[in-house]
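In the numbering used here, the protein residues as written are 18 to 331.
Have a look at this one:
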């Protein structure tokens with residue numbers, strides 16, 4: 018498909034951005050730099066001043082923002098914010114494509130796609146996997162899911178934000194990938210702060226501790242890749258060979274972390290959650306398996322979490 022077939026992919030095509038937090042502003046500036054005509058709207062109009070000075074057009078209402086172009090990018094706190102903003106402007110949705118880059122649950126994302134279709138709008142889910150300052154750089158990538166033909170139609174414009182990684186038709190899939198990536202990211206951040214607090218009790222400053230801890234975090238990917246040519250292949254095959262690191266061995270380490278943290282007076286929520294995964298696997302007779310066996314308890318709702326007193330919020 019070429020740009021003549023799909024005018025929305027042309028370099029100077031009109032794009033609307035709704036939501037001007039740090040991410041929305043970065044998206045707007047990236048599109049402006051790429052030559053797009055960008056219309057913006059934000060509930061707090063004052064946040065638009067900087068991007069308007071850079072060349073964006075401020076719409077007076079959400080309806081006016083929608084009507085400024087076929088491609089509408091939403092960068093909001095959650096999906097409820099989309100309804101709050103657009104419910105009064107649904108007459109302007111027909112024929113447009115909504116690309117919602119907001120974080121929420123996959124189920125709410127699927128509901129939003131149905132809502133958009135009910136107003137004759139196309140819908141793509143997106144998950145931006147870099148912080149705002151990195152939008153538009155070579156390091157940026159964005160996961161998308163939704164109708165394939167809609168993705169193709171707008172791929173050139175969306176590629177300005179980062180390399181598009183299309184996952185499939187299910188609108189909830191990109192949201193699922195986004196949440197999965199953030200599960201790794203947020204857990205790692207909490208682990209880094211727990212470890213820094215632990216070392217701090219021995220008098221080590223964060224400036225000394227974090228470089229060592231970050232080096233350890235950076236090495237995890239290399240360690241996992243060295244253990245298996247295709248990470249995840251054994252998991253897909255239901256295999257958990259315990260020739261390198263067993264559940265029992267890793268579980269003993271998890272026990273020691275809990276004991277040390279308790280002795281130091283630190284919060285135990287994170288180490289107890291990790292300990293619970295290993296105790297569940299050991300309790301089911303899998304102590305000699307590879308540490309990946311803990312996925313069984315994670316897949317079983319409440320089984321591993323209950324062992325450590327950790328419950329998923331409802």
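We put the CB at the ideal spot given by N, CA and C, even for glycine. Since this is a predicted model, take the numbers as computed values, not measurements.
Just to confirm, is the Cβ distance from residue i to residue j under 8 Å?
i: residue 121; j: residue 192; result: yes
i: residue 176; j: residue 88; result: no
i: residue 40; j: residue 159; result: no
i: residue 299; j: residue 265; result: yes
i: residue 230; j: residue 209; result: yes
i: residue 83; j: residue 60; result: no
i: residue 91; j: residue 118; result: yes
i: residue 43; j: residue 150; result: yes
i: residue 289; j: residue 215; result: no
Note down the Cα distance separating residue i from residue j, rounded to an integer number of angstroms.
i: residue 221; j: residue 199; result: 29 Å
i: residue 217; j: residue 226; result: 8 Å
i: residue 13; j: residue 277; result: As displayed, the chain neither begins before 18 nor continues past 331, which places residue 13 out of reach and without an answer.
i: residue 130; j: residue 115; result: 9 Å
i: residue 155; j: residue 139; result: 28 Å
i: residue 203; j: residue 213; result: 15 Å
i: residue 99; j: residue 35; result: 9 Å
i: residue 315; j: residue 274; result: 20 Å
i: residue 260; j: residue 65; result: 57 Å
i: residue 219; j: residue 281; result: 10 Å
i: residue 241; j: residue 46; result: 38 Å
i: residue 77; j: residue 166; result: 31 Å
i: residue 311; j: residue 124; result: 26 Å
i: residue 58; j: residue 262; result: 53 Å
i: residue 71; j: residue 50; result: 9 Å
i: residue 56; j: residue 85; result: 7 Å
i: residue 309; j: residue 228; result: 28 Å
i: residue 69; j: residue 37; result: 11 Å
i: residue 291; j: residue 148; result: 27 Å
With a threshold of 16 other CB atoms inside 10 Å of the CB of residue i, please say whether the residue is buried or exposed.
i: residue 10; result: Absent from the model: residue 10. The displayed extent of the chain is 18 to 331, so no value can be given.
i: residue 306; result: buried
i: residue 248; result: exposed
i: residue 30; result: buried
i: residue 63; result: exposed
i: residue 178; result: buried
i: residue 67; result: exposed
i: residue 317; result: exposed
i: residue 279; result: exposed
i: residue 180; result: exposed
i: residue 162; result: buried
i: residue 93; result: buried
i: residue 33; result: buried
i: residue 201; result: exposed
i: residue 238; result: exposed
i: residue 286; result: exposed
If you compare alpha carbons, which of the options is closest to residue i?
i: residue 126; options: 194, 167, 146, 299; result: 194
i: residue 164; options: 183, 296, 157, 304; result: 183
i: residue 257; options: 150, 297, 197, 313; result: 313
i: residue 268; options: 245, 296, 80, 283; result: 296
i: residue 137; options: 123, 107, 162, 255; result: 107
i: residue 53; options: 69, 167, 255, 73; result: 73
i: residue 96; options: 205, 189, 51, 211; result: 189
i: residue 132; options: 148, 309, 104, 81; result: 104
i: residue 236; options: 170, 205, 286; result: 205
i: residue 111; options: 152, 102, 134; result: 134
i: residue 48; options: 153, 148, 293; result: 153
i: residue 169; options: 109, 255, 293, 141; result: 141
Query raised in the report: Taking the runs of the alpha helix (DSSP H) that are 4 residues or longer, which of them lie wholly in the segment 86-146?
Result: 96-103, 123-135
Query - Those runs of the alpha helix (DSSP H) which lie wholly inside the segment 186-267 and span at least 4 residues - result: 188-217, 223-244, 250-253
Query raised in the report: Can you list the alpha helix (DSSP H) stretches of 4 or more residues lying completely in the segment 40-92, in chain order?
Result: 66-70, 79-83
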